[in-house]
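Reading through the structure tokens given below for one structure.
Numbering (this note's numbering), first residue to last: 28 to 268.
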């Protein structure tokens, strides 16, 4: 038996089924009525179920997080979620963004974060480093013009490794498309959007969503906004639109 079902085999099955039903229709009306009764039951159940009014927007908002979580776990991202209402598109994107923000906030308030990842005394170190730079600049200014000796103050960031670990662990609160994305392209798109923002709420919302790998796309966006969403989705920075 072939493993794959071909179009030809499906057509053969369809024709055979038609012939058998026509045979029953002409030779065994009782059997035909029984078959129709069995086939009609699930159809009627579905019609009754679909006849009950329900809030489609609420249903989508209640399930979008669970759906994207499942797709992310199964490596099914990037993806596009379609809806003919632009307000629903934005609401779904924000719902997903808020969930990821809440998860990150909860993690950063957890004992695990404070023990393993929290960067302590960073502000104190920054003040000390600034003081050293100021002193070095002052010494350079006091040198004679004929003094060719160049002193370089080497600054070592003791928090660099810890920042890298923190960035890595916080990545789970951001969705990613395939390829990882080009950081230069991302920065370029963000800068272009900020320049053309002109106080647009949609731009501010998109900038917030981009930080979580999310976007939305509809006719009310301007050219810069639509272009940024499309480029960043293709580039791998956005995992879902």
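By construction, the Cβ of each residue, glycine as well, lies at the ideal position given by its N, Cα and C atoms.
Because the structure is a prediction, the values reported are computed rather than measured.
In this structure residue 191 is exposed. Its beta-carbon is surrounded by fewer than 16 other beta-carbon atoms within 10 angstroms. In the DSSP assignment, residue 124 falls within the alpha helix (DSSP H) that extends over 113-135.
Looking at 216, 48, 146, the one whose alpha-carbon comes closest to that of residue 187 is 146.
8 Å or more divides the Cβ of residue 204 from the Cβ of residue 242. In the three-state DSSP reduction, residue 78 falls in the helix class (H, G or I). The Cβ atoms of residue 144 and residue 196 sit closer than 8 Å to each other.
In the structure shown, residue 247 falls within a coil segment according to DSSP collapsed to helix, strand and coil. Residue 106 sits in a strand when the DSSP states are folded into three classes. Counting C-beta pairs with one atom in each stretch, the region 249-257 and the region 220-232 have three or more that are closer than 8 Å, which means they touch. For residue 37, the uninterrupted alpha helix (DSSP H) segment begins and ends at 34-54. For the pair of segments examined, the region 66-78 was found not to touch the region 228-245: the number of CB pairs separated by less than 8 Å stays below three. Assignment of beta-bridge partners to residue 241 by DSSP yields 267. Contact check between the region 110-122 and the region 80-92: three or more CB pairs, one atom from each, fall below 8 Å, which counts as touching. In this structure, residue 127 keeps its C-beta atom at 8 Å or more from the C-beta atom of residue 261.
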